[in-house]
Every structure is written in C-alpha cells, then in structure tokens.
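S.K.: Dumping the structure here so I can ask a few things about it.
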Amino acid sequence: MQKHRMLSVPAILVTILASGFTAAQEKDKDWKLVWSDEFDGPTLDYSKWEIEVNAFGGGNQELQIYTDRKENVRVEDGHLLIEARRDNHGISGTVREYSSGRIRSKHRGDWKYGKFEIRAKLPAGQGVWPAIWMLPTEEKYGTWASSGEIDIMEFKGQEPNVVWGTLHHGKQWP
Numbered sequence: 038m039q040k041h042r043m044l045s046v047p048a049i050l051v052t053i054l055a056s057g058f059t060a061a062q063e064k065d066k067d068w069k070l071v072w073s074d075e076f077d078g079p080t081l082d083y084s085k086w087e088i089e090v091n092a093f094g095g096g097n098q099e100l101q102i103y104t105d106r107k108e109n110v111r112v113e114d115g116h117l118l119i120e121a122r123r124d125n126h127g128i129s130g131t132v133r134e135y136s137s138g139r140i141r142s143k144h145r146g147d148w149k150y151g152k153f154e155i156r157a158k159l160p161a162g163q164g165v166w167p168a169i170w171m172l173p174t175e176e177k178y179g180t181w182a183s184s185g186e187i188d189i190m191e192f193k194g195q196e197p198n199v200v201w202g203t204l205h206h207g208k209q210w211p
C-alpha cells in the first residue's frame, strides 16, 4: 500500500506540471517576436547595439572606463562577451585601473510594452557588477530617475547567490 502512494504523488505532479506548461504555451502564442539578437555574426550588430564609451563612472563610483575595444566587447562563437580588465587604459584624458564594456539599444530597439527573454552567464568575484537595465529613450519627466528605470537584473559578483531586480522612479538623482 505504501509503495502505491509514493507512485501516485509523482503522477499527480507530472499532470499538474503538464497542464501548467500547456496553459503557458497557450498564453505565449499571442506574443509576436519583434526584435532579437542571437549574436551569431562575426561582430556586434551595430544596427541593434551601440557601444558606450565613457569615463563618467555612472554615478555609482565605478572604477572602470567603458571602451569599444575588442578586449572589452566582442562576439565569439554565438556569444556576446563583455569583459572587465585590469589594464590602466585611458580615454579623453582619464586613465583608470580597470576597463570594461557597456552596450545599449537606445534608438535601435525601443519598446513601450513587451516580454523580454535574456540568457546570460554572470561572473562571480569581488568588484564585478553586471547589470541589464531598461531606461527611457527620452527623459520625458526629467533626468534620472524622474522618467524611470527598470533593472531587469543586477548582480554583485561577491554575492553569487543573489540577483537584484529594481524599479527606480520619482525625483531626480541624487
């Protein structure tokens, strides 16, 4: 009798999971793909992405500069690689101990509504902070954060089991 009960729980679980999967498929059939990048070309697709180059620090006391060098941003074997490096690189008269890459789709892919799917491998380690943000194309209500920001994902490399998602809005920063 005990053996029979143990088999029925997995059977019920499979039935519940299968019915949920069917409902999800039914719900997703109304979505229409309007933009994608599989990074399957030899270089970054500049019709979809812009590489940001700056030494601003992003208001977060960041220690790196953002470059367009292949050492920092490149496509390899169907993957986008954004690599932080310790290399004392400089731009516009500013030299920093670290360099990295930063890309955006501003004016190349702008959406008011949608469903977003992202696959990413995140590096662990002290000082790394990969993030995927959604920012407004136009700052209709003023500078950050008046017009809003959705942090799809932020990851502090020294906390490998924590991923943040945040909604910024309201008054201007700081």
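All you need for our numbering is the position in the sequence shown, starting with 1, plus 37.
Every residue gets a Cβ at the ideal spot worked out from N, C-alpha and C, and that includes glycine.
Here the structure is a predicted model, which is why all the values come from computation and not from measurement.
Just confirm the distance between the C-beta atoms of G194 and P160, as a whole number of angstroms; I'd bet it's less than 8 Å.
M.R.: Right, the Cβ-Cβ distance comes to about 6 Å (below 8 Å), so this counts as a contact.
S.K.: I need the straight-line Cα distance from Q101 to S137, nearest angstrom please.
M.R.: Roughly 6 Å between the two C-alpha positions.
S.K.: Run the CB neighbour count on H116, radius 10 Å, all protein chains shown included, and call it buried at 16 or more, exposed below.
M.R.: When all chains shown are included, H116 counts as exposed.
S.K.: Based on the DSSP output, what are the partners of A168 in its beta bridges?
M.R.: A168 pairs with E191.
S.K.: Check E186 in the structure and name its three-state DSSP category.
M.R.: Reduced to three states, the DSSP call for E186 is strand.
S.K.: If you measure between the beta carbons of R26 and W68, is that distance less than 9 Å?
M.R.: Outside the modelled stretch of the chain, which goes from 38 to 211, sits residue 26, for which no answer is possible.
S.K.: Please classify V110 as buried or exposed, where buried requires at least 16 other C-beta atoms within 10 Å of its C-beta.
M.R.: Buried: at least 16 other Cβ atoms inside 10 Å.
S.K.: Identify, in the order they occur along the chain, each residue of the same chain with its Cβ nearer than 6 Å to the Cβ of P197, setting aside the five sequence neighbours on each side.
M.R.: Counting only Cβ-Cβ distances below 6 Å, and skipping sequence neighbours, we find A161.
S.K.: Can you tell which of V165, V199, W201, G207 has its C-alpha closest to the C-alpha of A182?
M.R.: Residue G207 is the option with its Cα nearest to A182.
S.K.: Of the residues D124, Y150, D114, R141, which one's Cα is nearest the Cα of Y135?
M.R.: It is D124 whose Cα lies nearest to the Cα of Y135.
S.K.: Taking the beta strand (DSSP E) that E113 falls in, what are its first and last residues?
M.R.: It spans 110 to 113 - the beta strand (DSSP E) in which E113 sits, taken as one unbroken run.
S.K.: Helix or strand or just coil, what does DSSP make of E63?
M.R.: Helix at E63.
S.K.: Quick one, are the C-beta atoms of V112 and T80 less than 9 Å apart?
M.R.: Result yes, Cβ atoms of V112 and T80 sit closer than 9 Å.
S.K.: Since I140 contacts I88 with CB under 8 Å, what's their CB separation in whole angstroms?
M.R.: 5 Å between Cβ atoms; contact.
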